[in-house]
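First the structure, in the form of structure tokens, and then the observations on it.
Here you go:
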């Protein structure tokens with residue numbers, strides 16, 4: 012019923028996985044699922060589409076979501092939690108420190124009539140918040156789009172990763188990194204090497220599943236540009252003992 | 042908040058608290074909503090849960106709903122039991138109330154189904 016849009020030439024929009032919208036003559040025709048669904052999909056912001064594609068990849072390649080207990084660290088308004096529920100996770104718990112974001116998340120969950128997602132207001136950025144508690148290894152999978160770990164929150168991304176690995180068997184980390192600096196290549200290369208080194212130190216395997224690019228509009232006062240292109244990596248970490256994939260993959264640089 | 046989540050929460054982040062588990066529940070609003078039954082998921086979850094804490098929590102809010110307090114050795118094949126377990130851990134939700142630390146009595150408020158586990162700086 013749904014087919015990808017095909018263009019004779021490679022367009023910029025190709026990377027956002029647009030769907031083909033069938034032509035219809037009547038107004039009633041636009042309400043058909045085969046027309047309404049791709050129209051809605053194509054109108055979504057790129058960031059939402061790429062997150063949806065990522066979750067789909069996590070599920071189809073590793074079956075890490077369906078029937079699993081999933082944690083979403085720093086869930087915000089719940090894009091990943093909603094996605095996990097759509098892919099029929101057994102249950103999902105979203106954690107965030109922000110009351111307002113959790114309110115919005117709760118409204119979103121109600122709107123989608125999702126009732127197997129629970130939310131908890133907790134500070135994951137503090138050293139020992141989750142460690143040594145009942146959460147350790149309780150989850151099958153952790154999905155997260157962690158804070159950037161720049162400016163005031165330096166190092167918080169690694170703290171989130173550490174928490175995630177303590178909580179689960181497999182962690183799927185949807186890591187975002189701002190590469191818009193002048194020393195772009197250097198920064199990128201260092202970031203991967205740094206994470207790779209940490210992964211070896213912690214005894215987990217790491218695999219870069221996808222690299223994507225989307226633009227992020229200015230949200231904070233200290234953002235000087237109206238929007239920046241950021242590169243986002245989808246990285247999967249797995250504990251060596253429980254993992255089926257023992258591959259260790261570290262991509263060094265963008266040429 | 043579901044009892045599944047309650048079973049994972051502790052107050053051990055408070056300074057001086059050793060175990061902080063299980064947290065007491067003082068519920069003012071409880072909602073039961075239907076969740077799709079997935080027997081495999083429930084089977085996998087039960088060994089991870091502290092069963093006595095589940096029963097204690099369910100009883101304290103009056104929703105034990107016929108759940109046996111002892112796990113039978115053949116629970117994996119008992120469909121009726123799995124359905125009851127599913128109902129208690131996934132469908133019963135605490136919407137409003139407080140979670141209470143068993144050691145210090147510190148209250149963690151639950152608002153709109155979301156427990157607030159944040160602490161003040163001097164409590165950590």
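Protein chains in written order, with our numbering: chain V, 12 to 266; chain B, 42 to 165. Every residue, glycine too, gets a C-beta built ideally from N, C-alpha and C. Treat the numbers as computed from the prediction; the structure is a model and nothing was measured.
By alpha-carbon positions, which one of the options ends up nearest to residue i?
i                      : options                    : result
residue 250 of chain V : V/211, V/128, V/104, V/243 : V/211
residue 60 of chain V  : V/46, V/203, V/93          : V/93
residue 80 of chain V  : V/111, V/65, V/96, V/12    : V/96
residue 72 of chain B  : B/55, B/53, B/42           : B/42
residue 13 of chain V  : V/38, V/53, V/77           : V/53
residue 105 of chain B : B/50, B/134, B/61, B/54    : B/134
residue 62 of chain V  : V/91, V/78, V/77           : V/91
residue 77 of chain B  : V/47, V/155, V/21, V/100   : V/100
Spatial neighbours of residue i within its chain, please: CB distance less than 8 angstroms, with the 5 preceding and 5 following residues excluded, ordered by chain position.
i                      : result
residue 45 of chain B  : 86, 90, 130, 131
residue 50 of chain V  : 32, 41
residue 120 of chain B : 80
residue 93 of chain B  : 110
Can you list, in chain order, the residues of its chain whose CB lies under 6 angstroms from that of residue i, leaving out five sequence neighbours each side?
i                      : result
residue 47 of chain B  : 98
residue 133 of chain V : 106
residue 166 of chain B : The structure shown does not extend to residue 166 of chain B, since chain B spans only 42 to 165, so no value can be given for it.
residue 148 of chain B : 139, 141
residue 126 of chain B : 83
residue 108 of chain B : 125, 129
residue 51 of chain B  : 61, 62
Report back the beta-carbon spacing between residue i and residue j to the nearest angstrom; my notes put them in contact at under 8 angstroms.
i                      : j                      : result
residue 165 of chain B : residue 137 of chain V : 7 angstroms
residue 179 of chain V : residue 150 of chain V : 4 angstroms
residue 76 of chain V  : residue 98 of chain V  : 5 angstroms
residue 64 of chain V  : residue 18 of chain V  : The pair is not a contact, with the Cβ atoms about 18 angstroms apart (cut-off 8 angstroms).
For chain V, is any of its Cβ atoms less than 8 angstroms away from the one on residue i?
i                      : result
residue 62 of chain B  : yes
residue 56 of chain B  : no
residue 69 of chain B  : no
residue 165 of chain B : yes
residue 76 of chain B  : yes
residue 82 of chain B  : yes
residue 127 of chain B : no
residue 179 of chain B : An answer regarding residue 179 of chain B cannot be provided, because it is not within the stretch 42 to 165 covered by chain B.
residue 156 of chain B : yes
residue 131 of chain B : yes
residue 140 of chain B : no
residue 43 of chain B  : yes
Taking CB distances under 8 angstroms as the criterion, tell me whether residue i reaches chain B.
i                      : result
residue 133 of chain V : yes
residue 177 of chain V : no
residue 269 of chain V : Because residue 269 of chain V is not part of the residues shown, which for chain V are 12 to 266, the question remains open.
residue 149 of chain V : yes
residue 88 of chain V  : no
residue 101 of chain V : yes
residue 197 of chain V : Because residue 197 of chain V carries a pLDDT of 47, less than 50, the predicted location of this residue cannot be relied on, and the following value inherits that uncertainty. No, its Cβ sits nowhere closer than 8 angstroms to a Cβ of chain B.
Between which residues of its own chain and residue i is the CB-CB distance below 7 angstroms, once the five residues before and five after are set aside?
i                      : result
residue 55 of chain B  : 61, 142, 145, 147, 160, 164
residue 119 of chain V : 88, 89, 93
In chain order, which beta strand (DSSP E) runs of at least 3 residues are fully inside the stretch 77-107 of chain V? Counting whole runs of 3 or more residues, the stretch 77-107 of chain V contains the beta strand (DSSP E) stretches 80-84, 102-107.
Which complete alpha helix (DSSP H) runs does the stretch 89-127 of chain B hold, if anything under 4 residues is left out? You should have 92-101, 120-127.
Segments of 4+ residues assigned as alpha helix (DSSP H) that fall wholly inside the stretch 20-67 of chain V: Whole alpha helix (DSSP H) segments, 4+ residues: 44-54.
Any chance you could list the alpha helix (DSSP H) runs of at least 4 consecutive residues sitting entirely within the stretch 55-93 of chain B, in chain order? Counting whole runs of 4 or more residues, the stretch 55-93 of chain B contains the alpha helix (DSSP H) stretches 80-86.
Ordered list of beta strand (DSSP E) runs contained in the stretch 112-181 of chain V, each at least 3 residues: Entirely contained in the stretch 112-181 of chain V, the beta strand (DSSP E) runs reaching 3 residues are, in chain order, 128-132, 150-155.
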